[in-house]
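K.L.:
Numbering (the working numbering), first residue to last: 1 to 436.
1) Anyone know if the C-beta pair for residue 384 and residue 376 falls short of 8 Å?
2) Where residue 423 and residue 303 are concerned, what is the direct C-alpha to C-alpha distance, given to the nearest angstrom?
3) Which value, in whole angstroms, describes the spacing of the CA atoms of residue 214 and residue 181?
4) Measuring CB to CB, does residue 428 end up less than 8 Å from residue 417?
5) So residue 13 packs on residue 5, CB below 8 Å; how close in whole Å?
6) Once DSSP output is grouped into helix, strand and coil, what is the label at residue 65?
7) Between the stretch 75 to 92 and the stretch 158 to 178, can you find at least three pairs of beta-carbon atoms closer than 8 Å?
8) Mind listing, in chain order, the continuous alpha helix (DSSP H) runs of no fewer than 4 residues lying wholly within the stretch 91 to 119?
9) Identify every residue that forms a DSSP beta bridge with residue 134.
10) At 4 residues or longer, what runs of the alpha helix (DSSP H) sit wholly inside the stretch 356 to 426?
11) Less than 8 Å between the CB atoms is what I'm expecting for residue 113 and residue 49, so what's the real figure, rounded?
12) Whose C-beta lies closer than 8 Å to the C-beta of residue 349 among residues of the same chain, with five residues either side of it excluded?
13) Would you call the CB atoms of residue 410 and residue 365 closer than 8 Å?
14) Please look up how many angstroms separate the CB atoms of residue 306 and residue 340, rounded, as I've assumed it's under 8 Å.
15) Can you tell me which residues form a DSSP beta bridge with residue 16?
16) Shortest alpha-carbon distance to residue 153 belongs to which of 44, 33 and 208?
17) From 19, 325, 31 and 134, pick the residue whose C-alpha is nearest to that of residue 69; which is it?
18) Count the other C-beta atoms from every protein chain shown that fall within 10 angstroms of the C-beta of residue 179, then say buried if there are 16 or more, exposed otherwise.
19) For residue 196, count the other beta carbons within 10 Å of its own beta carbon; 16 or more makes it buried, fewer makes it exposed. Which is it?
20) Of all the beta strand (DSSP E) runs that stay within the bounds of the stretch 292 to 339, which reach a length of 3 or more residues?
21) According to DSSP, simplified to helix, strand and coil, what is residue 195?
22) Rounded to a whole number of angstroms, what is the C-alpha to C-alpha distance between residue 435 and residue 263?
23) Put residue 23 into one of helix, strand or coil per three-state DSSP.
24) Figure out for me which residue from 335, 102 and 321 has the closest Cα to the Cα of residue 354.
25) Which whole-angstrom value describes the C-beta separation of residue 57 and residue 119, a residue pair presumed to lie in contact below a C-beta threshold of 8 Å?
26) Can the beta-carbon of residue 330 be found less than 8 Å from the beta-carbon of residue 433?
27) Helix, strand or coil, according to DSSP, for residue 435 in the structure here?
28) Starting from the C-beta of residue 204, find all residues in its chain whose C-beta is less than 6 Å away, skip the five residues before and the five after it, and write them out in chain order.
29) Between residue 324 and residue 336, what straight-line distance do the alpha-carbon atoms span, to the nearest angstrom?
30) Identify the continuous beta strand (DSSP E) that holds residue 71 and give its terminal residues.
31) List the DSSP bridge partners of residue 127.
32) CB-CB under 7 Å to residue 52, same chain, minus the five flanking residues each way: which ones, in chain order?
33) What span of residues does the alpha helix (DSSP H) with residue 2 cover, start to end?
34) For residue 175 versus residue 200, is the C-beta spacing smaller than 8 Å?
35) What does a CB cutoff of less than 6 Å around residue 394 pick up in its chain, not counting 5 residues either side in sequence?
Below, the structure written as structure tokens:
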């Protein structure tokens, strides 16, 4: 049943629900209305019966013959009018003696309605004057009314269902037009937003926002693919050129210095290619949102380990200032990638010194990396975190992905990354992480 219901269209489901609710509601209303009608009919008859019984009380009190149409019984329910057997059972008699009307179902006569009026006999003993009428006509009328009300309820439900079908079709027509337009929309185009401020207009706005995000993601992917292909082409071309030279000039194999230089060049290009591929894979994982749950990572220890991983460089001094141990909410691998990139970038551009500071700031931890290099122009301080951005491409160092990867990983944990001026005159990179 669930599978069948799920395969039905929205218009069909709405119509069926409205129709079923209409049938149930109309039948309930009809039943309540019929019950009220029957009760009113019976109560109006009770008044007539009471008047008939009261009219006969004078004859009972005077000991004369009671008029036809009424019965007289004593307190035990035994007839004292000589007109036949006991008219009602004990349960009905107790209700009548309490002043309440009673309905008795007779197998031959059908339902009978009784009322009673108490009156004393000439000897002072209590008597009950009973008056009755049959309810066959009222029951028949109620049954006919119930049947007609059921028919009216079904017809009304059909009418409501048809109206719901038409109304739903009219209401969903703009949705159908929007669906057709969305299927045919080209990259860069957007759906027309209805002038009304209703749910359809809100849906169109959200779909347009989704299309904008799609176009932006596709554009980033195309740029990323193009730039990655361009960056990968350079080290691959260099490796191929070295191999072609070695094949074309085998006589150089006897020159050990030439061979060593060739292998050193191949090693450099292979390392560059390996670093580039590693950065591309890390950046792709960061873009896809694949990240491990954050846990506290000791940033001071991580900085010390990152400094120890740096190759020897006697011309540039590296210093660390951390007033107290602090932890950040990330993973050790993410912290290591961020530190390796920002420290390598700072030392590559520094003249003599790089200062690293770990500063707690409330709910955040700031990592400050200062160098005394040439610095970054204000116009390039945001662009430097874009992918494949190298401010000095002629230097031939770096892939232009390091700082982009840093910004992406830190932003994934709710932090920020920015570049500004160092007190030493060079560049200050400020990485802000949430406290772990």
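Even for Gly, the Cβ is constructed at its ideal location relative to N, Cα and C.
P.N.:
According to the structure shown:
1) Your numbering for residue 384 matches position 384 in the chain shown. Your numbering for residue 376 matches position 376 in the chain shown. With respect to the 8 Å criterion, residue 384 and residue 376 are classified as neighbours on the basis of their beta carbons.
2) As a position in the chain shown, residue 423 is number 423, starting the count at 1. As a position in the chain shown, residue 303 is number 303, starting the count at 1. Distance between the alpha carbons of residue 423 and residue 303 is about 21 Å.
3) Position 214 of the chain shown holds residue 214. Position 181 of the chain shown holds residue 181. As the crow flies, the alpha-carbon of residue 214 is around 16 Å from that of residue 181.
4) Position 428 of the chain shown holds residue 428. Position 417 of the chain shown holds residue 417. Going by beta carbons, residue 428 and residue 417 fall outside the 8 Å limit.
5) Residue 13 sits at position 13 when you count from the first residue of the chain shown. Residue 5 sits at position 5 when you count from the first residue of the chain shown. About 7 Å; that satisfies the 8 Å criterion.
6) Taking the chain shown and counting its residues from 1, one reaches residue 65 at position 65. Coil at residue 65, not helix or strand.
7) Output reads no: the stretch 75 to 92 does not touch the stretch 158 to 178.
8) Within the stretch 91 to 119, no run of alpha helix (DSSP H) at least 4 residues long lies entirely inside it.
9) Walking along the chain shown from the start, residue 134 turns up at place 134. Residue 134 pairs with 112.
10) DSSP runs (the alpha helix (DSSP H)) wholly in the stretch 356 to 426: 402 to 412.
11) Residue 113 sits at position 113 when you count from the first residue of the chain shown. Residue 49 sits at position 49 when you count from the first residue of the chain shown. At roughly 7 Å, the Cβ-Cβ gap stays under 8 Å, so residue 113 and residue 49 are in contact.
12) For the purposes of this step, residue 349 is taken as the residue at position 349 of the chain shown. Result list for residue 349: 371, 373, 374, 426 and 427, in chain order.
13) Mapped onto the chain shown, residue 410 falls at position 410. Mapped onto the chain shown, residue 365 falls at position 365. No, these two residues do not count as a Cβ contact at 8 Å.
14) The residue labelled residue 306 in the question sits at position 306 within the chain shown. The residue labelled residue 340 in the question sits at position 340 within the chain shown. With a Cβ gap of about 6 Å, residue 306 and residue 340 count as contacting.
15) To locate residue 16, count along the chain shown from 1; it is residue 16. Checking the DSSP bridge columns, you'll see residue 16 has no partner listed.
16) The sequence position of residue 153 within the chain shown is 153, counting from 1. Of 44, 33 and 208, the residue nearest in Cα terms is 33.
17) By 1-based counting over the chain shown, the position of residue 69 is 69. Selected option, being the one with the closest Cα: 134.
18) Along the chain shown, one-based indexing puts residue 179 at 179. For residue 179, the number of other beta carbons within 10 angstroms of its own is below 16, and it is reported as exposed.
19) As a working note, residue 196 is residue 196 in the chain shown. Under this definition residue 196 is an exposed residue.
20) DSSP runs (the beta strand (DSSP E)) wholly in the stretch 292 to 339: 295 to 298, 317 to 321 and 327 to 330.
21) The residue labelled residue 195 in the question sits at position 195 within the chain shown. Reduced to three states, the DSSP call for residue 195 is coil.
22) Counting from one through the chain shown, the residue named residue 435 turns up at place 435. Counting from one through the chain shown, the residue named residue 263 turns up at place 263. If you take the alpha carbons of residue 435 and residue 263, they lie about 46 Å apart.
23) Counted from its first residue, the chain shown places residue 23 at position 23. Residue state, collapsed to three classes: helix.
24) Your numbering for residue 354 matches position 354 in the chain shown. The shortest C-alpha separation from residue 354 is found at 321.
25) Locating residue 57 in the chain shown gives position 57, counting from the first residue. Locating residue 119 in the chain shown gives position 119, counting from the first residue. Indeed, because the Cβ distance is near 4 Å, the residues count as touching under 8 Å.
26) Along the chain shown, read from residue 1 onward, the residue named residue 330 stands at position 330. Along the chain shown, read from residue 1 onward, the residue named residue 433 stands at position 433. Yes; because the gap between Cβ atoms is below 8 Å, this pair is in contact.
27) Your numbering for residue 435 matches position 435 in the chain shown. The DSSP-derived three-state label of residue 435 is strand.
28) Counted from its first residue, the chain shown places residue 204 at position 204. If the five residues before and after residue 204 are omitted, its C-beta is found closer than 6 Å to the C-beta atoms of 191 and 193, all from its own chain and listed in chain order.
29) On the chain shown, residue 324 is found 324 positions in, with the first residue counted as 1. On the chain shown, residue 336 is found 336 positions in, with the first residue counted as 1. Approximately 20 Å, taken between the alpha carbons.
30) Mapped onto the chain shown, residue 71 falls at position 71. Looking at the DSSP string, the run of the beta strand (DSSP E) that includes residue 71 is 70 to 74.
31) Against the chain shown, residue 127 aligns to sequence position 127. DSSP, once it has assigned bridges, lists 74 and 119 as partnering residue 127.
32) Reading the chain shown from its first residue, position 52 is the one you call residue 52. For residue 52, where only same-chain residues beyond five positions count, the Cβ hits under 7 Å are 69, 70 and 131.
33) The count along the chain shown starts at 1 and reaches residue 2 at position 2. Its alpha helix (DSSP H) spans residues 2 to 7.
34) Position 175 of the chain shown, counted from the first residue, corresponds to residue 175. Position 200 of the chain shown, counted from the first residue, corresponds to residue 200. Pairing residue 175 with residue 200 gives a Cβ-Cβ distance under 8 Å.
35) Indexing the chain shown from 1 puts residue 394 at position 394. The predicted model places residue 394 with a pLDDT of 47, which falls under 50 and marks its position as unreliable; any figure quoted below should be read in that light. Within the same chain, residue 394 has no close Cβ partners at all.
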